[in-house]
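Working notes, structure below.
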Amino acid sequence: MSGRADSATQPSVWAIPILVWLALLALLALTVCAAYLPLHPFRIAISLGIAFMKAGLIALVFMRLNKSSTLVRIAACAGFLWLIFMFVLTATDYLSRP
Amino acid sequence: MAQVPADLHEPFTSRARQREAIVFALWIFLASELLLFGGLFLGYATYRLLDIRDFNEAASHTNVYFGTANTAILMTSSLAIAVAGRALESGRTKPTKIGIWLTILLGLSFLVVKGFEYREDLIEHLWPNLDFSLKPPVARIFFSFYWITTGVHACHVSVGLLLIGRLAWMAHRRVLPQNRDSVEATSLYWHLVDIIWVILYPLLYLVGR
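For the record, the sequence lines run as chains A and B. Be aware that the first sequence starts at 27, since it is given in the working numbering, and climbs by one per residue. Be aware that the second sequence starts at 149, since it is given in the working numbering, and climbs by one per residue.
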């Protein structure tokens, strides 16, 4: 590659991705431990909450939504928005049955 | 007239616009993928309400060791391809190549672990046919979701591996710097495959513990 400074002076390409990876592994360890605790009614909520945190980290940092343009962020949120509609409208039926 | 940069392709007139168009298109595609798996997740959620206890009991028959190992493997592969993309953008080809090959290796490891897990599931008669080993009716439904979601996901991993294999081929031919947007697009797809697995993991492996 031409005209680049040597690697010692460049910002590390590893630092932030490795920090996120460590956080992901820590969350994985946490969710495995939580799955064996007697937290019965909240267990699935906790494990899904941790899963969404992991997904958020991957989307924001690995997929660079934190540095994306507004257009790209809207496109990313669109799928999620329709997913919420689908779940909420289904839940209004199934969760309200006697 | 200035020379056209090697990484600028038809019909774009600037690199920034080219990158924006590719990333935008990819996210629209990823949103459709999210809705594909979202339908499966919704089916899972509604059928689970039929009988939560039996559904969770069926989930206790999945192998949490294989599931957890595969989650760690896939998250590490996401790290590898994220580093590959960032290294390419800062002009370093060696970490890029290492990242790409590591991703391929980890993706293949994921499929191998999944293969061992499927083998164990079949030995335990967890395929919902006449020999199915669990009694409750919703256990059959849980394992239908298990096979469909992990199967569709494994197809996505396989497609991702082919696409990353293409990047390795480009790196071999030394044309990767001219195709840096391909690296970004492929890694976005790979990360989404990782996200889908991260959501599947508690639903299939943790609810029954």
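Note that CB positions come from ideal geometry on N, CA and C, so glycine has one too.
Report yes or no: is there a C-beta of chain A within less than 8 Å of the C-beta of Y195 (chain B)?
Using a Cβ-Cβ cut-off of 8 Å, Y195 (chain B) does not count as an interface residue toward chain A, since no Cβ of chain A sits closer than that to its own.
According to DSSP, is Y195 (chain B) part of a helix, a strand, or is it coil?
helix
List the residues of chain A that R357 (chain B) touches, going by C-beta distances under 7 Å, in chain order.
A61, Y62
Taking 7 Å as the limit between beta carbons, can you name the residues of its chain near V46 (chain A), skipping five residues before and five after?
L83, V87, F88
Is there at least one Cβ from chain B nearer than 8 Å to P67 (chain A)'s Cβ?
no
Specify, as a first and last residue, the run of the alpha helix (DSSP H) that I221 (chain B) falls within.
212–237
Return the Cβ separation of T57 (chain A) and I76 (chain A) in integer angstroms, given the expectation that the two are a contact with Cβ distance under 8 Å.
Right, their Cβ atoms sit about 4 Å apart.
Does DSSP put R357 (chain B) in a helix, in a strand, or in coil?
coil
Look up Q151 (chain B) in the DSSP assignment and say whether it is helix, strand or coil.
coil
Going along the chain, which unbroken runs of the alpha helix (DSSP H) with 4 or more residues stay wholly within the stretch 49–108 of chain A?
69–83
Near V341 (chain B), what residues of its chain come up, given a Cβ to Cβ distance below 8 Å and the 5 sequence neighbours on each side ignored?
L222, H301, H304, V305, G308
What residues of chain B sit near K93 (chain A), judged by a beta carbon separation below 8 Å?
Close to K93 (chain A), with beta-carbon spacing below 8 Å, lies no residue of chain B; the smallest spacing is near 11 Å.
Can you tell which of A:M112, A:G105, A:R123, A:F113 has its C-alpha closest to the C-alpha of S174 (chain B)?
It is Leu, not Ser, that sits at residue 174 (chain B) in the sequence shown. Of the listed residues, the one whose Cα sits closest to L174 (chain B) is A:G105.
Does DSSP put W40 (chain A) in a helix, a strand or coil?
coil
Going by alpha carbons, who is nearest to N204 (chain B) out of A:S94, A:P67, A:K80, A:A81?
The option with the nearest alpha carbon to N204 (chain B) is A:P67.
Out of A:C103, A:R69, A:A71, point me to the one whose CA is closest to A85 (chain A)'s CA.
A:C103
Starting from the Cα of F172 (chain B), find the closest Cα among B:Y337, B:L278, B:S238 and give me that residue.
B:Y337
Under 8 Å between the Cβ atoms of P243 (chain B) and V39 (chain A)?
yes
Cβ shell of L121 (chain A) (< 7 Å), same chain only, five flanking positions each side left out
none
Counting C-beta neighbours from all protein chains within 10 Å, is the total for L351 (chain B) 16 or more, i.e. buried, or is it exposed?
The residue in question, L351 (chain B), is buried, as its Cβ has 16 or more Cβ neighbours within 10 Å.
What span of residues does the alpha helix (DSSP H) with A306 (chain B) cover, start to end?
Reading the sequence as shown, one finds Ser at residue 306 (chain B) and not Ala. Where S306 (chain B) is concerned, the enclosing alpha helix (DSSP H) stretches over 285–320.
Presumed contact (8 Å Cβ cut-off) between T210 (chain B) and G356 (chain B), rounded CB distance
7 Å
Pair within 8 Å by beta-carbon distance, M112 (chain A) and G239 (chain B):
no
Tell me, please, whether the stretch 216–232 of chain B touches the stretch 252–259 of chain B by the rule of three or more beta-carbon pairs shorter than 8 Å.
yes
Distance check for L107 (chain A) and V114 (chain A), CA to CA, integer angstroms please.
11 Å
Starting from W275 (chain B), trace the alpha helix (DSSP H) both ways and give me its first and last residue.
Unbroken run through W275 (chain B): none, as it is neither H nor E.
For V152 (chain B), count the other beta carbons within 10 Å of its own beta carbon; 16 or more makes it buried, fewer makes it exposed. Which is it?
Burial call: exposed.
What does D342 (chain B) touch in chain A if you count any residue whose Cβ is under 7 Å from its own?
Simply I84.
Indicate the three-state DSSP secondary structure (helix, strand or coil) for L254 (chain B) in the structure shown.
helix
Return the residues of the stretch 92–113 of chain A that lie within a Cβ-Cβ distance of less than 8 Å from chain B, sorted by chain order.
S94, S95, L97, V98, A101, A102, A104, G105, F106, W108, L109, M112, F113
Strictly below 7 Å CB to CB, what residues from chain B border A49 (chain A)?
Here the premise fails: no neighbours, minimum Cβ distance about 10 Å.
Helix, strand or coil at E158 (chain B) according to DSSP, with G and I counted as helix:
coil
Listed by chain order, chain B residues near A77 (chain A) by CB distance under 8 Å
Annotation: Cβ neighbours of A77 (chain A) in chain B (cutoff 8 Å, chain order): V346, I347, Y349, P350.
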